[in-house]
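Protein chains in written order, with my numbering: chain A, 296 to 353; chain B, 464 to 930.
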C-alpha cells in the first residue's frame, strides 16, 4: 500500500462497510423481534402498543 | 446581538447547509428554507412528524413568516421560518456526561420517528442539539432528508464521533476527555478513541463494532473511495437500519458515570460555614434578584446550583456554570428531576473560558460573545480567581464588568478558613487582597448599590451595577 497524505484519506468507506457488517448481525435480530409479536400471538399474548410514540427522549 | 455574523445578518454557524440558513433581523432569529429543500420540508410538516417531534420536546417549534432576508431571490428562497428562541446556546464541550448522553438518545429517538415517516436524519451533530425547557432538543429543522430504503445512515459516522466515542471515553476512561470535543470540532476521531479506550471495551459488542472495528475499517478502506459504495449499495434494508439505531441506543444507555462513584445527593457538601450564614446569603440573593429582575442570569462557580435555583425560582433564565464535572452532573440530574425549564447547568473553567472555534473562528461563539448577561452571580469565587489564579483585583473587576450589567459578588477575606487553605501552599503575594482593596478596584467599574456583612461569617456580599 502506497503512502497517501492525510487530507486524501477517506474515512467514509470504512464507516459504510462497518454499517453493513453490523446490519447483517442485527437485521436478523430485528426480524426475529418483529415476528415475536406474531409468535406470542399464537399463545394468546396481546402485542404492546407502539412504544416509540409515547417514549420520551430521556 | 454580539453573536458571530457575516454580512446581511446571516449567521456563520449555518453556512455549510445548501438547504437554507439562519439569519437575524432586528434581534430576531429566522431560518430561510430554500427551494432545494421544499420536498423535504413539506414531508416533515405534512407527515405528522413535525407535530410528533415538537410534542415530545425533541424538535424546536417554529412558525412560518413572510419576512425575507435582504438578498434572497424567489428562485432560491422557498419559505422563511421563525424558530422558538433558545435562551442560551451551549456546546458539547460544556455539557456534563448526562447532558451529552441525553443529547445522544434524543438524536436516536428522532431518527427512529423520522424513519416511520419515511425520513432520515442527514446530520447527527451534537451542535444541532440544544437544551430547551430543560430537554435535549433538535434545533436544525432542515436536518431531515427523504429515506431511501437500501441506503445506510449517512450520519452514522458523525453520531459515533460526536456522541458514542466521547461518552465511552468519559464513562470508561476519564470524565475530562469530553474536552477532546473542544479540539476536534467534528467529534473525536475514532482511531484516537479506539486507542484511548481500555482494552476490555472490546468485550462490549456496541463499542467493539461501532468504535474499534469501525476505526479499523476506516483505516483499512481509507483508499477504497467510491467503488466500495457502488459495489455494496442496496443491501441495507429498513430492518437493518432499525437494528443499527437500536444497537446504538442500547450501547449509549449502558454507558454511565456517577460523580465520585457515589449516588446523587451524598457527593457534594456545600458549606464550610454555618447554616445561618448560608440562609442569609440565600435571602440576600433572592431579594436582589427580585429587585433587578434579570431575564438572563449567569451563576459563575455555581457548584451544584443552590443559588442558581434561588434566581431561577424568581423567573430568570439561569445558566449555572461550574468547573467541576461532578457538580455539573449533579446539578443537571437535579434539574431533570425537578423538570426545571429555566436552569441550564454547564461546565466552564472561568480561568480559561470557551473560545470562539471553527471556520474563521466563527462557527462556535466564545463564552464572552454569548453575553453579556443581565446579572452575574459570583459567590465564593473571587478568592479562587485572585489567589489560586493570581488575577489582580482591577482585572477581575474588568472581567465582571464585561460579563454582565448587574453583579452580585461575595468577598471572602484572607482570614476565612477557605482562603487560608489556598494560601497554605503558596507565598502571600497579595497585599491588596483586602476588603478596602477589593472595593477600590470594583468602584472603578461599578456603582455599589448595596453592601451587607453576611451573618456569622467574615464574608461580604455586594450588589453592583456596571458604569
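Here a beta-carbon is modelled for each residue, glycine too, at the ideal position from N, C-alpha and C.
Problem - C-alpha distance - residue 914 of chain B paired with residue 824 of chain B, whole-angstrom precision - result: 41 Å
Handout entry: Expected contact under 8 Å - CB spacing of residue 653 of chain B and residue 610 of chain B to nearest Å
Key = About 25 Å separates the two Cβ atoms, so there is no contact after all.
Practice task
Locate the alpha helix (DSSP H) running through residue 618 of chain B, then write down its first and last residues.
Solution key: Segment: none, residue 618 of chain B is in no alpha helix (DSSP H) and carries neither H nor E.
Problem - Beta-carbon neighbours of residue 325 of chain A, restricted to chain B and to distances below 8 Å - result: 702, 703, 705, 706 and 709
Practice task
Could you work out which residues of chain A lie near residue 807 of chain B, taking near to mean beta carbons separated by less than 7 Å?
Solution key: Per Cβ cutoff of 7 Å: no residues; residue 807 of chain B is ~16 Å from chain A at best.
Exercise for the section: Examine chain B for any beta-carbon lying closer than 8 Å to the beta-carbon of residue 307 of chain A, and answer yes or no. Expected result: Interface residue, yes.
Handout entry: Assigned secondary structure, residue 840 of chain B (DSSP; H/G/I helix, E/B strand, else coil)
Key = strand
Exercise for the section: Determine the closest residue to residue 541 of chain B out of B/505, B/574 and B/677, with distance taken between C-alpha atoms. Expected result: Nearest option by C-alpha distance: B/505.
Practice task
Please state whether DSSP places residue 668 of chain B in a helix, a strand or coil.
Solution key: In this structure, residue 668 of chain B counts as helix in the three-state DSSP scheme.
Exercise for the section: Using the Cα positions of residue 854 of chain B and residue 901 of chain B, report the straight-line distance between them to the nearest angstrom. Expected result: 12 Å
Problem - N-terminal and C-terminal residue of the alpha helix (DSSP H) that residue 900 of chain B is part of - result: 898–906 is the span of the alpha helix (DSSP H), which, as asked, contains residue 900 of chain B.
Problem - Selected residue, minimal CA-CA separation from residue 494 of chain B, among B/907, B/531 and B/559 - result: B/531
Problem - Start-to-end residues for the alpha helix (DSSP H) that takes in residue 543 of chain B - result: Residue 543 of chain B -> not in any alpha helix (DSSP H); beta strand (DSSP E) instead, spanning 540–546.
Exercise for the section: Just grab the DSSP bridge partners of residue 927 of chain B for me. Expected result: DSSP lists B/870 and B/911 as partners of residue 927 of chain B.
Exercise for the section: Taking all protein chains shown into account, decide if residue 726 of chain B is buried (16 or more other Cβ within 10 angstroms of its Cβ) or exposed. Expected result: Note that residue 726 of chain B scores a pLDDT of 47, beneath 50, so its modelled location is shaky; the value from the coordinates is reported in the next line. Residue 726 of chain B is exposed by the Cβ-count criterion.
Exercise for the section: Kindly say whether residue 313 of chain A, judged by its beta-carbon, lies nearer than 8 Å to any beta-carbon of chain B. Expected result: yes
Practice task
State the DSSP-derived secondary structure class of residue 761 of chain B, mapped to helix, strand or coil.
Solution key: For residue 761 of chain B, the secondary structure class from DSSP, reduced to helix, strand or coil, is strand.
Problem - Min CB distance residue 317 of chain A to chain B below 8 Å - result: For residue 317 of chain A, the answer is yes, since a Cβ of chain B falls inside 8 Å of its Cβ.
Exercise for the section: Kindly indicate which three-state DSSP category residue 477 of chain B falls into: helix, strand or coil? Expected result: helix
Handout entry: Where the alpha helix (DSSP H) through residue 658 of chain B begins and ends
Key = 653–659
Practice task
Indicate whether residue 528 of chain B and residue 552 of chain B have their beta-carbon atoms separated by less than 8 Å.
Solution key: No, the Cβ-Cβ distance between residue 528 of chain B and residue 552 of chain B is not below 8 Å.
Handout entry: Spatial distance of residue 490 of chain B from residue 660 of chain B (CA atoms)
Key = 44 Å
Handout entry: Within-8 Å CB hit, residue 310 of chain A to chain B
Key = yes
Practice task
Compare the beta carbon distance of residue 496 of chain B and residue 483 of chain B with 8 Å and say whether it is the shorter of the two.
Solution key: Going by C-beta atoms, residue 496 of chain B is nearer than 8 Å to residue 483 of chain B.
Handout entry: CB of residue 569 of chain B within 8 Å of CB of residue 602 of chain B, strictly
Key = no
Practice task
Just mark residue 625 of chain B as buried or exposed, buried being the case when its beta carbon has 16 or more other beta carbons within 10 Å.
Solution key: Counting the other CB atoms within 10 Å of its CB gives residue 625 of chain B a total of 16 or more, which places it among the buried residues.
Problem - Neighbouring residues, chain A, relative to residue 682 of chain B (Cβ below 9 Å) - result: 304, 306 and 309
Problem - Near-chain A residues of the stretch 590–619 of chain B (beta-carbon distance less than 7 Å), N- to C-terminal order - result: 598, 599, 615, 616 and 619
Practice task
Closer than 8 Å by beta-carbon distance: list the chain A residues that pair up with residue 522 of chain B, in chain order.
Solution key: Here the premise fails: no neighbours, minimum Cβ distance about 10 Å.
Problem - Residues bridged to residue 918 of chain B (per DSSP) - result: Partner(s): none; residue 918 of chain B has no beta bridge.
Problem - Residue from B/710, B/744 and B/829 with nearest C-alpha to residue 318 of chain A - result: The residue among B/710, B/744 and B/829 with its C-alpha nearest the C-alpha of residue 318 of chain A is B/710.
Practice task
Below 7 Å CB to CB, which residues in the same chain sit around residue 477 of chain B once its five sequence neighbours on both sides are set aside?
Solution key: 484 and 485
Practice task
Give the straight-line distance between the Cα atoms of residue 758 of chain B and residue 747 of chain B, rounded to the nearest whole angstrom.
Solution key: 18 Å
Exercise for the section: Please list, in chain order, all residues of the same chain as residue 947 of chain B whose beta carbon is under 6 Å from its beta carbon, the five residues on each side excluded. Expected result: Only positions 464 to 930 of chain B appear in the structure, and residue 947 of chain B is not among them; the question remains open.
Problem - Buried or exposed (CB count within 10 angstroms, at least 16 for buried), residue 739 of chain B - result: exposed
Exercise for the section: Taking residue 589 of chain B as the reference, give the member of B/827, B/811 and B/796 with the closest Cα. Expected result: By alpha-carbon distance to residue 589 of chain B, the top candidate from B/827, B/811 and B/796 is B/827.
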